[in-house]
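First up is the structure itself, then whatever we jot down about it.
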Amino acid sequence: MPSLTDLQDEYEFLDADDRYRLLIDLGRGLEDMPDPLKTDATLVRGCSASVWVYPTVREDGTLHFLADSNAAITKGIIALVLTAVQDRSPVEILATDVDAALAPFDLRNQLSSNRTQGIPNMIALIRATAERYAAA
């Protein structure tokens with residue numbers, strides 16, 4: 103997956119339709135999340151589409167998130183969020199200002215409020231997961 107900086111450079115030069123396509127392509131690039139992990143426990147509340155996020159811990163202590171959505175653009179937004187935190191230590195994730203990292207994409211003005219309303223909940227779930235593992 104490309105870095106947020108690389109994605110931002112590309113995103114800046116695209117028109118609205120191409121930005122949607124970029125998000126959809128990012129979503130397609132997410133690692134498959136097995137259906138048995140898509141449960142009420144992994145469902146992110148407050149999203150207009152169904153969004154599931156499942157954390158795993160790698161041997162080196164970094165967090166790796168599996169995620170999915172039933173909506174293509176929402177899945178792309180998830181991929182964008184995960185680009186900021188994927189495969190980092192809990193402490194690194196807690197030190198990352200995900201909102202600031204996503205700010206250059208101006209998602210709230212580029213997409214409908216239905217598509218972006220769950221972003222804070224996704225970020226909060228990822229931060230809560232990092233806090234749990236950082237305290238362990």
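My numbering runs 102 ahead of the 1-based position in the sequence shown. Ideal placement from N, C-alpha and C gives every residue a C-beta, glycine not left out.
When you compare only the Cα positions, how much space is there between alanine 237 and valine 159? Position 135 of the sequence shown, counted from the start, is the residue given in the question as residue 237. Position 57 of the sequence shown, counted from the start, is the residue given in the question as residue 159. One alpha carbon belongs to alanine 237, the other to valine 159, and they sit about 14 Å apart.
Would you please state the rounded distance, in angstroms, between the beta carbons of arginine 229 and leucine 182? I believe it to be under 8 Å. Position 127 of the sequence shown, counting from 1, holds the residue named residue 229. Position 80 of the sequence shown, counting from 1, holds the residue named residue 182. About 16 Å separates the two Cβ atoms, so there is no contact after all.
What's the C-alpha gap between tyrosine 113 and leucine 106? Along the sequence shown, read from residue 1 onward, the residue named residue 113 stands at position 11. Along the sequence shown, read from residue 1 onward, the residue named residue 106 stands at position 4. So the alpha carbons of these two residues sit roughly 10 Å apart.
According to DSSP, is aspartate 170 helix, strand or coil? Against the sequence shown, residue 170 aligns to sequence position 68. Here aspartate 170 carries a strand assignment [DSSP, helix/strand/coil].
Are there 16 or more other CB atoms within 10 angstroms of the CB of phenylalanine 167, so buried, or fewer, so exposed? Numbered from its first residue, the sequence shown carries residue 167 at position 65. It counts as buried.
Measure the C-alpha to C-alpha separation of threonine 185 and proline 138 and round it to an integer number of angstroms. In the sequence shown, residue 185 corresponds to position 83, counting from 1. In the sequence shown, residue 138 corresponds to position 36, counting from 1. Here the alpha carbon of threonine 185 sits roughly 24 Å from the alpha carbon of proline 138.
Going by DSSP, what residue range makes up the alpha helix (DSSP H) through threonine 107? As a working mapping, residue 107 is identified with position 5 in the sequence shown. That run of the alpha helix (DSSP H) goes 106-114.
First through last residue of the alpha helix (DSSP H) which encompasses proline 64: A query on residue 64 cannot be resolved here, the shown segment of the chain reaching from 103 to 238 and no further.
Drop a sphere of 10 angstroms on the beta-carbon of phenylalanine 115, count the other beta-carbons inside from all chains shown, and report buried for 16 or more, exposed for fewer. If you number the sequence shown from 1, residue 115 lands on position 13. Its Cβ having fewer than 16 others within 10 Å, phenylalanine 115 is exposed.
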